[in-house]
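Report on one structure; see the data block that follows.
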Amino acid sequence: MEIRKEDFTALASKDPFEILIATILSQNTNDRNSLAAFNELRNKIGINPDSLSRAEEEEIADAIRIAGLYRTKAKAIKEIAREIREKYGGDFRRILSLENPREELLKLPKVGEKTADVVLLFSGRMNTFPIDTHVRRVAKRLGLSSGSYEEMRRDLMGLFKGKCLEAHLLLIQLGRKYCKARKPLCNECPVRNLCPTGMKGSL
């Protein structure tokens, strides 16, 4: 399966702060819309703690409108930018240099476990495994893991070790193209022979 940069908003940048904002924009929408919102925000305001903390919330909301939930996301983005500017002197990388950056990221507005893990994995700071709906569904059907977010994260980290980023992207692509929530395309799936659920024909 091909991994295309345009299919994943978090691949739009290698800058950790931009990855964080891209991930917030991707919440509850598709990558096409979140990537469009990301580019619009970058062009109109700039994606850094200083410019976003100084921008009007309405200005941010207008730039990211296509991503949906734009008022909620704009509020969170401005709050995050302000906190990073005030607490870390505008240097987001200071969080990533801490002994436990994940714990600190989770204190930021609208940053949950998946968002924190995406930032850490895609920025190369930590070998972790973000669990989204596609990853959860595919991992469960393949018999790789089940249970809570943390249980699945640890199971997949152990299974894929140094290849978590590639595995994360491939599981998402597998979920989008073949292992759909409804009417999965088991007969076309490239890993059908490895899938206990698909071999049983129980979907």
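Each residue of the sequence shown is one higher than the one before, starting from 1 at the first, in UniProt numbering.
The beta carbon of each residue, even a glycine, is placed where N, CA and C say it ideally should be.
Next item on the list: Out of R176, R153, M152 and L144, point me to the one whose CA is closest to T197's CA.
Entry: L144
Check: Hey, how far is the Cα of R71 from the Cα of R65?
Finding: 8 angstroms
Check: Using DSSP with H/G/I as helix, E/B as strand and the rest coil, what is L174?
Finding: helix
Note to self: Would R85 and D50 qualify as a contact pair, given that the criterion is a beta-carbon distance under 8 angstroms?
What the structure shows: yes
Check: Hey, quick one: how far does the alpha helix (DSSP H) through S53 stretch, first residue to last?
Finding: P49 to R54
Check: Could you give the C-beta distance for L52 and I60, rounded to a whole number, given that I count them as a contact under 8 angstroms?
Finding: About 7 angstroms separates the two Cβ atoms, so the contact holds.
Note to self: Once the 5 residues before and after L170 are set aside, which same chain residues still bring their CB inside 8 angstroms of it?
What the structure shows: M1 and I3
Checklist line | Between the CA atoms of N193 and M199 - distance to the nearest angstrom | finding: Cα to Cα, the separation comes out at about 7 angstroms.
Next item on the list: Compute the Euclidean distance between the alpha carbons of N48 and N28, then round it to the nearest angstrom.
Entry: 23 angstroms
Checklist line | Selection from P184, F17, A181 and T128 that minimises the alpha carbon distance to I95 | finding: F17
Check: Quick one, are the C-beta atoms of R153 and F122 less than 8 angstroms apart?
Finding: no
Notebook entry, point to check: The alpha helix (DSSP H) spanning P16 covers which residue range?
Noted result: P16 to L25
Item checked: Reference H134, options L120, R125 and K114, closest by Cα -> K114
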